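All letters in the sequence shown, in the order written, are residues 1 to 285 by UniProt numbering.
Every residue, glycine too, gets a C-beta built ideally from N, C-alpha and C.
Fair warning: this is a prediction, and the values are worked out from it, not measured in the lab.
Here is the structure we will look at, set down as structure tokens.
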Amino acid sequence: MIQSMTGYGKSVIQLPTKKISIEVKSLNSKNLDLNTRMPSLYREKELSIRKLIASKLVRGKVDFSLYMEITGEETSTQINKTVVNQYIKQLKNVVDGDETELLKMAIRLPDALTTEREEMDENEWSQISKEIDNSLEKILQYRIDEGKSLEVDFIARVQNISNLLDEVIAIDPDRIEGVRERLNKGISEIKEKVDENRFEQELVYYIEKFDITEEKVRLKNHLDYFQKALHSDDSNGKKLGFIGQEMGREINTIGSKSNYAPMQKLVVQMKDELEKIKEQLLNVL
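See the structure below:
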């Protein structure tokens, strides 16, 4: 089952004095490109969070954010009364003003506020950790749901290419006969007597150069292999990409050998379907 690299997961937990919001977003990327944002209080847990995300999401451009909102009455920021009073005394020597205005100025000056470093509570972190797991489960489910939509699209486009290939196979005898007729007409217009045996040998050689039997067989095999890989237990966008490249190689060879307008039209349609598959494969895990 394939998974998309696009996903979103969010989880919120209300603790006694704060609300914690966790968001995980991901987009497509060749490798894992992980950015984390969190309060300094929880920075010591960043490495373990990164390892967890890498093991769960594997690949993609991932943004992890942990927001903290204080909801309790307690705060770690306090007014430094001694410093503020000193500022007010100095300001009185510089400007005239009432106490309220001087206080407004003093409180904005350096060291007027002090913040005590808060120590992380392990019991609190245990609850937050569960919500991180929850948000990762949500983004994984999002990726799976997106993968199902991609799978439906891939199956439809592979079937379209297969149908077009059947049309190529159906008109191939007409193409070969057309080549034979053009050569015969060219020889007759020369009005020179030719060795029939030699002409037949040259004709066979010429037609063999335009033979696409191997390409038709290989393309059919690639289409079957793509669908098998699509339904495998693991999601492997890179493997599907390699199969897509092989499909493109066979389609291009059929186009270069066809020398027949109706067949070239079908080849263009196959290329169009394959390009749409390749675009979507960029988003597969």
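Residue i classed as buried or exposed, judged by whether at least 16 other C-beta atoms fall within 10 angstroms
i      : result
Thr6   : buried
Val94  : exposed
Phe64  : buried
His222 : buried
Glu151 : buried
Ile254 : buried
Asp172 : buried
Closest Cα partner of residue i within the set the options
i      : options                           : result
Met120 : Lys30, Ile13 and Tyr42            : Tyr42
Leu15  : Asp233, Arg37, Arg50 and Met68    : Met68
Arg249 : Ala170, Arg143, Lys238 and Glu214 : Glu214
Leu91  : Met105, Leu32, Met38 and His222   : Met105
Gln78  : Tyr87, Leu113, Glu246 and Glu46   : Leu113
Asn259 : Lys216, Asp133, Asp211 and Leu32  : Asp211
Arg175 : Asp111, Ser256, Ala261 and Leu136 : Ala261
Gln3   : Phe242, Phe154, Glu146 and Gln245 : Glu146
Val24  : Glu137, Asp96 and Ile88           : Glu137
Ser48  : Ser126, Pro110, Arg108 and Asp111 : Ser126
DSSP-derived helix/strand/coil call for residue i
i      : result
Tyr8   : strand
Ile212 : coil
Ile2   : coil
Val284 : strand
Ile254 : helix
Gly119 : Sequence inspection shows Glu at residue 119; the Gly mentioned does not correspond to that position. Coil at Glu119, not helix or strand.
Lys45  : helix
Ser149 : helix
Gly97  : coil
Tyr260 : coil
Whether residue i touches residue j by CB criterion (8 Å)
i      : j      : result
Gly9   : Ser29  : no
Ala54  : Leu27  : no
Lys228 : Leu165 : no
Phe226 : Val158 : yes
Leu57  : Arg37  : no
Gly237 : Leu281 : yes
Met247 : Leu274 : yes
Glu131 : Ile22  : yes
Met263 : Ile161 : no
Ser11  : Ser135 : yes
Phe154 : Ile277 : yes
Ile207 : Val179 : yes
Ile88  : Leu102 : yes
Thr71  : Lys19  : yes
Bridge-paired residues (DSSP) for residue i
i     : result
Phe64 : Val24 and Thr36
Glu69 : Lys19
Ile79 : Leu113
Ile13 : Ile20
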